[in-house]
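Q: I'd like to ask you about the structure that follows.
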């Protein structure tokens, strides 16, 4: 941001969220006095162990699982890697076929590419123009060698929510008919804390990835749900922490922060959803009314309440982002994990967008602290900026 500006309007909550002050307060004791290693036996260490156990129970209750089914990790990327590699390696004697979609996060896609180097075959399912996976495509892709399916719950770029219950149940039906096991994993990093998730109802989901910093918790901590009885080989070897599933000294303060943040997010979910839907609607309606050459990406209804993905014809995303930043507005052109790449979004290309349209896309992801005044400032700035860029072809196409 420009140091001369006092204004900071943060609208990139899909990349990360600010740590909630109340969550930091809950974390502080385990950054100061109760700093013990939870694997040790003395009282100081057991204070840390008790904090980890309480946090595990809290998260388990909030998402409808047994506390023993939650493994803490360093975040969504590790959880995705662990689910795909851990599940596939444990099942490799039964088959070597994995199914995923073309719009997954790179933590899933790159892991699948690596599994291909290890001798696994991967099918990458297409999506429709709204970013949805077809159940018929999924079922048609299943072979006798299929051992694992990984489909994300909500997309990080366009906000589209997949019908995970329907997709996972269809896979379970095949498993039961053929009397074999096909694991189903979902990356819920963007979904958890923003839409209701009850894994006691999603009975056909074997594994689910999560990350604390997407719902106002600390960075560097996340979790992997592994349903009881799911074949799994650990990625991290060492001291055998996390019930032998993920060795390494637990991030106690981070785990406490994750549980605290999720509790707040679930409690306030409906209130925040209604507020964010109102702000999102204002952005969409205003841009549609005031500008030409505007395309909104993702499913119009089945999407995260805070996500606006919009493409501007004739303008690239980079000068838009730089112009917004000069005015103190933080947004992105797509996934924060690949923002340094000059390649057009793989998500938008998979949905049928042209490379030009994909490169002219802005992702606005609203958060609990955004106000109507923030949205008014964004709209005023964005409309003026895009109009100027379109009048300057040399800059728009640089």
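Residue numbers (the numbering used here): 1052 to 1449. Here a beta-carbon is modelled for each residue, glycine too, at the ideal position from N, C-alpha and C.
According to the neighbour-count rule (16 or more other Cβ atoms, all chains shown, within 10 Å of its Cβ), is residue 1101 buried or exposed?
A: Here residue 1101 corresponds to residue number 50 of the chain shown, with the count starting at 1. Burial call: exposed.
Q: Residues in its own chain within less than 7 Å of residue 1421 by CB, not counting five upstream and five downstream?
A: As a working note, residue 1421 is residue 370 in the chain shown. Answer for residue 1421: 1062, 1330, listed in chain order.
Q: Look at the alpha carbon of residue 1374 and the alpha carbon of residue 1209, and state the distance between them as a whole number of angstroms.
A: As a position in the chain shown, residue 1374 is number 323, starting the count at 1. As a position in the chain shown, residue 1209 is number 158, starting the count at 1. Their Cα atoms are separated by approximately 22 Å.
Q: Using CA atoms only, rank isn't needed, just tell me which of 1277, 1410, 1235 is closest to residue 1198.
A: Here residue 1198 is taken as the residue at index 147 of the chain shown, counted from 1. For residue 1198, the nearest C-alpha among the options comes from 1235.
Q: Nearest by alpha-carbon distance to residue 1129: which of 1105, 1316, 1296, 1413 is it?
A: Here residue 1129 is taken as the residue at index 78 of the chain shown, counted from 1. Comparing Cα positions, the closest option is 1296.
Q: Using CA coordinates, which residue listed in 1111, 1227, 1239, 1322 is at the minimum distance from residue 994?
A: Any property of residue 994 remains undetermined from this structure, which presents the chain solely from 1052 to 1449.
Q: Is the separation between the beta-carbon of residue 1233 and that of residue 1201 shorter than 9 Å?
A: For the purposes of this step, residue 1233 is taken as the residue at position 182 of the chain shown. For the purposes of this step, residue 1201 is taken as the residue at position 150 of the chain shown. No, they are not a contact pair.
Q: State the DSSP-derived secondary structure class of residue 1415, mapped to helix, strand or coil.
A: Here residue 1415 is taken as the residue at index 364 of the chain shown, counted from 1. Reduced to three states, the DSSP call for residue 1415 is strand.
Q: Please say whether residue 1136 and residue 1284 have beta carbons closer to each other than 9 Å?
A: Translated into positions along the chain shown, residue 1284 becomes position 233. Translated into positions along the chain shown, residue 1136 becomes position 85. Yes, these two residues count as a Cβ contact at 9 Å.
Q: Going by CA-CA distance only, name the one from 1419, 1187, 1397, 1258 that's closest to residue 1071.
A: Indexing the chain shown from 1 puts residue 1071 at position 20. For residue 1071, the nearest C-alpha among the options comes from 1419.
Q: Measure how close the beta-carbons of residue 1313 and residue 1356 come, nearest whole angstrom, since I'm counting them as under 8 Å.
A: Your numbering for residue 1313 matches position 262 in the chain shown. Your numbering for residue 1356 matches position 305 in the chain shown. With 8 Å as the limit, residue 1313 and residue 1356 do not qualify as a contact, their Cβ atoms being about 17 Å apart.
Q: Might you give, ordered along the chain, the residues of its own chain that have their beta carbon closer than 6 Å to the beta carbon of residue 1408, omitting 5 neighbours on each side?
A: As a working mapping, residue 1408 is identified with position 357 in the chain shown. Closer than 6 Å at Cβ, skipping near neighbours: 1362.
Q: How about residue 1416 and residue 1141: are their beta carbons less than 9 Å apart?
A: Taking the first residue of the chain shown as position 1, residue 1416 is located at position 365. Taking the first residue of the chain shown as position 1, residue 1141 is located at position 90. The answer is no: Cβ separation not under 9 Å.
Q: To the nearest angstrom, report how far apart residue 1138 and residue 1086 are at their CA atoms.
A: Position 87 of the chain shown, counting from 1, holds the residue named residue 1138. Position 35 of the chain shown, counting from 1, holds the residue named residue 1086. Taking the straight line joining both Cα atoms gives about 33 Å.
Q: Which residue marks the beginning of the alpha helix (DSSP H) containing residue 1258, and which one marks its end?
A: Working through the chain shown from its first residue, we reach residue 1258 at position 207. Not the alpha helix (DSSP H): residue 1258 falls in the beta strand (DSSP E), residues 1258–1262.
Q: State the DSSP-derived secondary structure class of residue 1156, mapped to helix, strand or coil.
A: Numbered from 1 along the chain shown, position 105 holds the residue referred to as residue 1156. In this structure, residue 1156 counts as coil in the three-state DSSP scheme.
Q: Comparing C-alpha positions only, which one of 1096, 1435, 1168 sits nearest to residue 1084?
A: Locating residue 1084 in the chain shown gives position 33, where the first residue counts as 1. Nearest C-alpha to residue 1084: 1096.
Q: For the region 1169–1178 and the region 1109–1127, state whether three or more C-beta atom pairs, one from each stretch, are separated by less than 8 Å.
A: no
Q: Cα-Cα, which of 1080, 1079, 1109, 1068 is closest to residue 1318?
A: As a position in the chain shown, residue 1318 is number 267, starting the count at 1. It is 1109.
Q: Measuring CB to CB, does residue 1263 end up less than 9 Å from residue 1309?
A: Walking along the chain shown from the start, residue 1263 turns up at place 212. Walking along the chain shown from the start, residue 1309 turns up at place 258. In contact: residue 1263 and residue 1309 (Cβ atoms closer than 9 Å).
Q: Using the beta-carbon count (16 or more within 10 Å), is residue 1164 buried or exposed?
A: Counting from 1 along the chain shown, the entry for residue 1164 is found at position 113. Looking at its Cβ environment, which holds fewer than 16 other Cβ atoms inside 10 Å, residue 1164 is exposed.
Q: Do residue 1413 and residue 1372 have their beta-carbon atoms positioned less than 9 Å apart in this structure?
A: Taking the chain shown and counting its residues from 1, the one referred to as residue 1372 is at position 321. Taking the chain shown and counting its residues from 1, the one referred to as residue 1413 is at position 362. Cβ atoms of residue 1372 and residue 1413: closer than 9 Å.
Q: Taking C-beta to C-beta, are residue 1367 and residue 1305 nearer than 9 Å?
A: Counting from 1 along the chain shown, the entry for residue 1367 is found at position 316. Counting from 1 along the chain shown, the entry for residue 1305 is found at position 254. Taking 9 Å as the Cβ cut-off, residue 1367 and residue 1305 do not qualify as a contacting pair.
Q: Can you tell me which of the three DSSP states residue 1382 falls into?
A: Position 331 of the chain shown, counted from the start, is the residue given in the question as residue 1382. Of the three classes helix, strand and coil, the one that applies to residue 1382 here is coil, per DSSP.
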